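Before any comments, here is the structure.
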Amino acid sequence: MYELIDHTENINRLLARYGVKFGIYKNSQFHEQLFPFDPLPRVIEAEEFEFLNRGLSQRVQALNLFLADIYSEKKIIKEGVIPADFVYSSKGYLPQCQGIVPPGKIYSHISGIDLVQGKDENWYILEDNLRIPSGASYPMIARELTRQAAPSTFSRTRIIDNRNYAAMLKETMDYVNTGGINVVLTPGRYNAAFFEHSYLAERSGAILSMPQDLFVEDNKLYYRQYGGSRLQVGAVYRRLSDEYLDPLCFLPESLIGVPGIMDVYRNGNVALVNAPGNGVADDKGIYYFVPHMIKYYLGEEAILHNAPTYLAFYEEDRKFILEHLNRLVVKDVSEAGGYGVIFGSDLTREKLEDLAEVIKAEPRRSLISSI
Amino acid sequence: MGAISIEKADRLFWLGRYGERVLTTLMTYFDFYDEMIDGDEEAYRIFCEKIAIPDVYGSKENFQQRYLFDQDDPNSIISNMERAFDNAVVMRGELGTYTLAYVQLALDVLKGENGKADAPVYDLQQVIDYLNAFWGCMDDQVEDEVCRNIIKCGKYLERLDLYMRLGYPARSIEKEYSKFLNRLHRSGLSYKKDCEEKLTGIVGLGEDWKEHDKEALEALWNLFEVI
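Taken in order, these protein sequences are the chains called B and C.
Just so we're on the same page, the numbering used here is the position in the first sequence counted from 1, plus 59.
FYI, the numbering used here numbers position 194 of the second sequence as 185, with every residue one higher than the one before it.
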């Protein structure tokens, strides 16, 4: 494994050669940066990996069942497992998705579940990402290059190969495809994850599409070819957010959506990967209830636990939070991507008192974690 | 035939044009650079006139720096290379990561040498090498024939345009025109037959084509209806 450290510069040079970049906007200008390679891997032993595999599969299965329920009968609310308020006030809950059954009954085809290992060596779920989780391409290409740089690491040790991700993505798209080609829909060249969009399209054999390449006619989705002909699209791995996906259904000012695509989806004539409306299941407030979902839908105890979490909505939790606020991490449930996170230990006494008042006034808004 | 949208056909065509523009103008630049070492210091003015770019340089030194590396100069080599890259990067699926890498490498050389090249011909030979590697890799790796034909349509159209401006001999023009037509007819791109006929007539005149160079260039520019 130490060869990896010796070859860090070579690997970074190859990553530059292949344009492995991510974009950031700074002062309203788009800049692309190379993805830096860290030669030190986090080693997960086979037994532990298998445990994580079982735990993550269980969690994603329950989250899929939750989405199917929440956009149909809402039994989990009716039976009092999750308070209705947490579902309906979630920004990720989209009434436009009510009654839609996606092809293959799959909502979250690709799930990005964040894990953290505590000082006690136990693994905890930090958050769920079920909308358009990003990042699979970087470890794929990094693995390709690390195998070249340190072949003995891989011949001496049995390491699970992650390079079949694109084949699995293709298999997933083929499984839900309603008839037609597979496309990866990107907002465009200046999206932060454009490298990933183009790389996954290349590797999975899907067609990389810009929004203007797609159009709806007679309740079907088509890819417009330059000679005037068209190809029907059966599955769309879309890498743009729900709100921009269809200006006729969501934000009317969206210029990067495909008008009418939601109608085609609603009628079962195209698969959208992942399904619109998944945001309700990866909401920070809903996160608290995932272990309850697992019990409710699968009749099992959660294999992987949430990071110790308190919800100010419940009186008992609120009491604990207010007594230990200086040692806890407070997250605004309506924020995502690291925004709205406050570390109690960083606050002055005055600021802690102000925060306590906000929590008392808006208990639905705050999720508190001890990590 | 794979799925190629209007946007992608446009990108492929312009990738061909900008890639060729960098290659041919860089090689021509080398000739003029050599002339300016100990001959006509203002030879760059003839270069600008021939390839129809405004002479905004004012001196040999300024030209040698800005024409190669000034990203704010729309006619510079680096600006044209960036445009080639912008068109290539959205075509990763069609070109493949390994082919696309040569466009990235050519751009990186120009960016890396920016402002510090004291022997540019030696250093920039790498750009030519990478672009030639790109063309070779593209031929070998890109499976879709239509895709290859569209890129090469752009490439040979640009080469013809530059060769005509630079007054290349009839044999070279005939050779490039033949390669261009070969790709054009198999590209599926929509073009004007009358422009093709006019070009064929002028190119068929042998060395006398130069008497009709403006007409030839005009026919070339007006050949495509969409792109």
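Glycine is no exception: its CB is placed at the ideal position from the N, C-alpha and C atoms.
On a predicted model such as this, the values are computed, not experimentally measured, just so you know.
Member of the options whose CA lies at the smallest distance from the CA of residue i
i	options	result
B/R297	B/I266, B/D173, B/I184, B/D277	B/I266
C/E206	C/G84, C/D199, C/M27, C/I193	C/I193
B/E360	B/H351, B/P311, B/I169	B/H351
B/D220	B/I64, B/G287, B/Q117, B/F108	B/F108
B/R289	B/D301, B/E276, B/I320	B/E276
C/L59	C/A75, C/T16, C/E26	C/T16
B/F81	B/P95, B/R113, B/L304	B/P95
B/Q207	B/L73, B/G399, B/L111	B/L73
B/G264	B/A294, B/A252, B/G287, B/P311	B/A294
B/V140	B/D272, B/Y84, B/I129, B/A334	B/I129
B/Q176	B/D65, B/L185, B/E261, B/S170	B/L185
B/Y285	C/G179, C/Y35, C/E216, C/K201	C/G179
C/K259	C/D199, C/F215, C/R162	There is simply no residue 259 of chain C to check, as chain C begins at -8 and stops at 218 in what is shown.
Inter-residue spacing [alpha-carbon to alpha-carbon] between residue i and residue j
i	j	result
B/S425	B/I418	6 Å
C/I218	C/E188	For C/I218, the predicted structure reports a pLDDT of 47, less than 50, and the residue's modelled location is therefore unreliable. The matter cannot be settled from this model.
B/A127	B/L93	39 Å
C/Y168	C/V112	29 Å
B/V389	B/A330	37 Å
B/G316	B/G238	21 Å
B/N337	B/Q157	12 Å
B/Y166	C/D152	53 Å
B/A415	B/P142	23 Å
B/R386	C/T90	53 Å
C/D204	C/K51	29 Å
B/S300	C/C144	37 Å
B/Y77	C/L196	46 Å
B/N365	C/E136	53 Å
B/T368	B/I103	25 Å
C/E209	C/L157	15 Å
B/I159	B/V339	15 Å
B/K431	B/D322	Since the first residue of chain B shown is 60 and the last is 430, residue 431 of chain B is not available in this structure.
C/A0	C/M27	40 Å
B/L25	B/L304	Residue 25 of chain B lies beyond the range of chain B shown here (60 to 430); nothing can be said about it.
C/M155	B/P306	48 Å
B/E409	B/Y356	44 Å
Boundaries of the beta strand (DSSP E) in which residue i is found, first to last residue
i	result
B/T407	Segment: none, B/T407 is in no beta strand (DSSP E) and carries neither H nor E.
B/K80	80 to 85
B/P89	Before going further, note that residue 89 of chain B is Phe rather than Pro in the sequence given. Where B/F89 is concerned, the enclosing beta strand (DSSP E) stretches over 88 to 93.
B/N241	240 to 244
C/L225	In the structure as shown, chain C begins at -8 and stops at 218. Residue 225 of chain C is therefore absent and cannot be evaluated.
B/I427	425 to 428
N-terminal and C-terminal residue of the alpha helix (DSSP H) that residue i is part of
i	result
C/L86	83 to 86
C/W126	111 to 132
B/N71	67 to 76
B/N250	Counting along the chain, B/N250 falls outside any alpha helix (DSSP H), and DSSP gives it neither H nor E.
C/Q62	Careful: C/Q62 lies outside any alpha helix (DSSP H) and carries neither H nor E.
B/K137	134 to 137
C/E40	34 to 41
C/D220	As shown, chain C starts at -8 and ends at 218. That puts residue 220 of chain C outside it, with no answer to give.
Residue i beta carbon near the ligand ATP (any heavy atom closer than 7 Å)
i	result
C/A92	Summarising the ligand content, the structure contains no ligands, and the ligand ATP is consequently not present.
Every unbroken beta strand (DSSP E) inside the region 268 to 309 of chain B [3 residues or more] = The region 268 to 309 of chain B is shown to contain whole beta strand (DSSP E) runs of 3 or more residues at 273 to 276, 279 to 283, 289 to 297, in chain order.
According to a CB-to-CB cut-off of less than 9 Å, which residues of the region 258 to 271 of chain B neighbour chain C?
-> Listed by position, the residues of the region 258 to 271 of chain B near chain C (Cβ gap below 9 Å) are Y258, A260, E261, R262, G264, A265, I266, L267, S268, M269, Q271.
TODO: Name, going along the chain, the residues of the region 275 to 309 of chain B whose beta-carbon falls closer than 8 Å to a beta-carbon of chain C.
DONE: The region 275 to 309 of chain B vs chain C, Cβ under 8 Å: Y282, R283, Q284, Y285, G286, L290.
Chain-ordered residues of the region 68 to 94 of chain B with a beta carbon less than 8 Å from chain C:
Hits within the stretch, in order: A75, R76, Y77, G78.
Discussion item. Short of 7 Å Cβ to Cβ, which residues in the region 201 to 219 of chain B face chain C?
Written reply: Those residues of the region 201 to 219 of chain B that come within reach of chain C (Cβ to Cβ, closer than 7 Å) do not exist; the list is empty.
Legend entry - Segments assigned beta strand (DSSP E), at least 3 residues, entirely inside the region 151 to 214 of chain B: Listed in chain order, they are 171 to 176, 182 to 188.
Item to complete: Please specify which runs of the alpha helix (DSSP H), each continuous and at least 4 residues long, are wholly inside the region 323 to 392 of chain B, giving them in chain order.
Response: Restricted to the region 323 to 392 of chain B, the alpha helix (DSSP H) segments that are unbroken, complete and at least 4 residues in length are 343 to 346, 349 to 352, 374 to 383, listed in chain order.
**Message:** Suppose only complete runs of 4+ residues qualify. What are the alpha helix (DSSP H) ranges in the region 211 to 237 of chain B, listed by chain order?
**Reply:** For the region 211 to 237 of chain B, whole alpha helix (DSSP H) runs of length 4 or above, ordered along the chain, are 224 to 235.
Q | Every unbroken alpha helix (DSSP H) within the region 173 to 197 of chain C, with a cutoff of 4 residues, ordered by chain | A | Every unbroken stretch of the alpha helix (DSSP H) spanning 4 or more residues and falling wholly within the region 173 to 197 of chain C is given here in chain order: 184 to 194.
| task | Could you name the residues of the region 223 to 256 of chain B whose beta carbon sits closer than 7 Å to any beta carbon of chain C, in the order they occur along the chain? | result | Going along the region 223 to 256 of chain B in chain order, one finds I240, R248 with a Cβ nearer than 7 Å to chain C.
Report task. Could you name the residues of the region 90 to 123 of chain C whose beta carbon sits closer than 8 Å to any beta carbon of chain B, in the order they occur along the chain? Result -> Result list: L91, A92, Q95, L96, D99.
Query raised in the report: Got a sec: which bits of the region -3 to 22 of chain C sit with their beta carbon under 9 Å from any beta carbon on chain B, in order along the chain?
Result: Residues I(-3), E(-2), K(-1), A0, D1.
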